[in-house]
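Novice: Residue numbering for the sequence shown follows our numbering, beginning at 3 and increasing consecutively.
Even glycine gets a Cβ: it sits at the ideal position worked out from N, Cα and C.
Note that this is a predicted model, so its numbers are computed, not measured.
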Amino acid sequence: MDGFTHGWLNPALAYLVACLGAVIGLRCTARGLTLPRRRRLSWLLLASGCIGGGIWAMHFIAMMGFTVTNMAITYNLRLTMLSLVVAVVVVGFGVCCVGYWPDSQLALYLGGALTGFGVAGMHYLGMAAMQIGGAVDYNPWIVAASVAIAVFAATAALWMTLNISHAWASIASALVAGIAVCAMHYTAMLAVSVHFGTEEGPAGGVPVDQFVFPVAVGIVAFITLSVIVIALAPEVQLQQERRQRVAPQARIQVDLFDGSLR
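In C-alpha cells, the structure reads:
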C-alpha cells in the first residue's frame, strides 16, 4: 500500500480544503453566537455544511493518493454520498450544541464528541464504500487512536470558537483543525491492511477521480458562497440592534431599583 502515490500533492491539497471549510464554518458559528437564540439556526447549519463538507472533500482528495499494488480501487457511490450526509448531519448536531448552549461545559464536550465521532464515522463509512480485489482489515487500537484524535481536535476547535472571537483567531483555529483532521485521517489509514483475495477486481463502483472533483468543486463553491454571505451580512447592524433591545430592559431594571418606573 502507498498513501502518497503522488507525493505531497494530495496531502497538501486535502489540508488546504479542510482548513478552508473549517475557517468558514468557525466564522459562521461565531457569527451565530452574536445573535439571539431564535436567529442562530441558519448560521449553524451553514457552519455544519462548511465543516462537514470540507472534511469529506479532504478525505477523498487524500484517498486519490492511496493505491494498492496490482489492485484497482473503486467506490460504492451510494455509500460515498451517505458518508457526506453523515459528516454534515453529525457535525451539525455538535455545532448546534455549542451554538445554543455556549456557556455550558457539558455542551462543549458533547458537541466535541459528536463532531469528532461524525468525522470518524465519515471516514470509516467512506472506507466501507471502498471496493477492492481483496479483504480490508483494521487494527482496532489504531482505529481507537484515530477516533480519539478526531474528538480532541473537534473539542479544541469548538472551544477556540467560543472563547476567541477575532477573525485571525478563527484562521489560527482552522489551521490547527486542518492539521488535526489530516492527522486523524492518516492515523486511520495506518490501521488499514489489505489481503489479496480470489477476486479479479472490485465488483463495480466508481474510481475516486471520477466523482471527487465534481463534488469537491461543488463543496468549494458552497464554501465560497458562504464567504460572500459572511461578508455581506450586516454584523455591526445586528449587534447594534441587539444593544438597542437590551438597553430598554436595563433602564427599566435601574428605574425599578430606584423605586420609580418611567
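How long is the line joining the alpha carbons of A147 and G113, rounded to whole angstroms?
Specialist: Their Cα atoms are separated by approximately 19 Å.
Novice: For the region 171-190 and the region 86-104, state whether three or more C-beta atom pairs, one from each stretch, are separated by less than 8 Å.
Specialist: With a cut-off of 8 Å, the region 86-104 and the region 171-190 do not count as touching, because too few Cβ pairs lie within range.
Novice: Which residues bound the alpha helix (DSSP H) around S50?
Specialist: It spans L43 to M65 - the alpha helix (DSSP H) in which S50 sits, taken as one unbroken run.
Novice: If you run the structure through DSSP and keep just helix, strand and coil, what is F6?
Specialist: DSSP places F6 in coil when its eight states are reduced to three.
Novice: Please state whether the Cβ-Cβ distance between A156 and T117 is less than 9 Å.
Specialist: Result yes, Cβ atoms of A156 and T117 sit closer than 9 Å.
Novice: Count the other C-beta atoms from every protein chain shown that fall within 10 angstroms of the C-beta of E243, then say buried if there are 16 or more, exposed otherwise.
Specialist: Low confidence applies to E243: its pLDDT is 48, below 50, so where it sits in the model is not reliable, and the reading given next is rough at best. That one is exposed.
Novice: Is it a yes or a no for the region 59-69 touching the region 3-19, going by three-plus beta-carbon pairs under 8 Å?
Specialist: The answer is yes - the region 3-19 touches the region 59-69, with three or more Cβ pairs under 8 Å.
Novice: Leaving out five residues before and five after S50 in sequence, what residues of the same chain have Cβ atoms less than 6 Å from its Cβ?
Specialist: Within the same chain, S50 has close Cβ partners V90, V93, G94 and V97.
Novice: Rounded to whole angstroms, what is the Cα-Cα separation between A130 and L81?
Specialist: About 8 Å.
Novice: So L28 packs on V88, CB below 8 Å; how close in whole Å?
Specialist: About 20 Å; that fails the 8 Å criterion.
Novice: What runs of the alpha helix (DSSP H), each 4 residues or longer, lie entirely inside the region 57-129?
Specialist: As far as the region 57-129 is concerned, its whole alpha helix (DSSP H) runs of at least 4 residues are 79-102.
Novice: If you run the structure through DSSP and keep just helix, strand and coil, what is G180?
Specialist: DSSP places G180 in helix when its eight states are reduced to three.
Novice: Does R33 pass the burial test, meaning 16 or more other C-beta atoms within 10 Å, or should it be called exposed?
Specialist: R33 should be labelled buried.
Novice: Between the region 177-189 and the region 158-166, can you find at least three pairs of beta-carbon atoms closer than 8 Å?
Specialist: Short answer: they touch.
Novice: Once DSSP output is grouped into helix, strand and coil, what is the label at A14?
Specialist: Note: A14 maps to helix in three-state DSSP.
Novice: Mind checking which residues open and close the beta strand (DSSP E) that includes A193?
Specialist: It is not in any beta strand (DSSP E) - A193 carries neither H nor E in the DSSP assignment.
Novice: According to the neighbour-count rule (16 or more other Cβ atoms, all chains shown, within 10 Å of its Cβ), is M3 buried or exposed?
Specialist: Exposed is the call here.
Novice: Out of curiosity, what's the CA-to-CA distance linking M124 and S85?
Specialist: C-alpha separation (whole angstroms): 5 Å.
Novice: Given that a residue counts as buried once 16 or more other Cβ atoms are within 10 Å of its Cβ, and exposed if not, what is R40?
Specialist: With fewer than 16 other Cβ atoms within 10 Å, it is exposed.
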